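Asks: Residue numbers (the numbering used here): 35 to 113.
Here you go, one structure.
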């Protein structure tokens, strides 16, 4: 079992991800975990500790790049 975290970074403009969104997605990709970029959010899946470390990196990257809000939803895989 593992964790999946879906995150949305704001301000949000459909079709035009700002630098705060791009920074968060890049931080997720650098984690080496499975990353799924969707039209309204991005998810990261994997082992608990690695996902939690990725969440920290994603939030820090988004805030540093100007995000006004980062919304997260965490779920245990298979739950």
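Note that CB positions come from ideal geometry on N, CA and C, so glycine has one too.
Everything numeric in this text was worked out from a predicted model, so none of it was measured.
Between which two residues does the alpha helix (DSSP H) carrying residue 67 extend?
Replies: No alpha helix (DSSP H) holds residue 67; DSSP gives it neither H nor E.
Asks: Helix, strand or coil for residue 81 per DSSP?
Replies: coil
Asks: Pick helix, strand or coil for residue 104, following the three-state DSSP scheme.
Replies: strand
Asks: What residues are listed by DSSP as bridge partners for residue 115?
Replies: Residue coverage of the chain in this structure runs from 35 to 113, which leaves residue 115 outside it and unanswerable.
Asks: Can you grab the Cα-Cα spacing for the pair residue 47 / residue 78, in whole Å?
Replies: 21 Å
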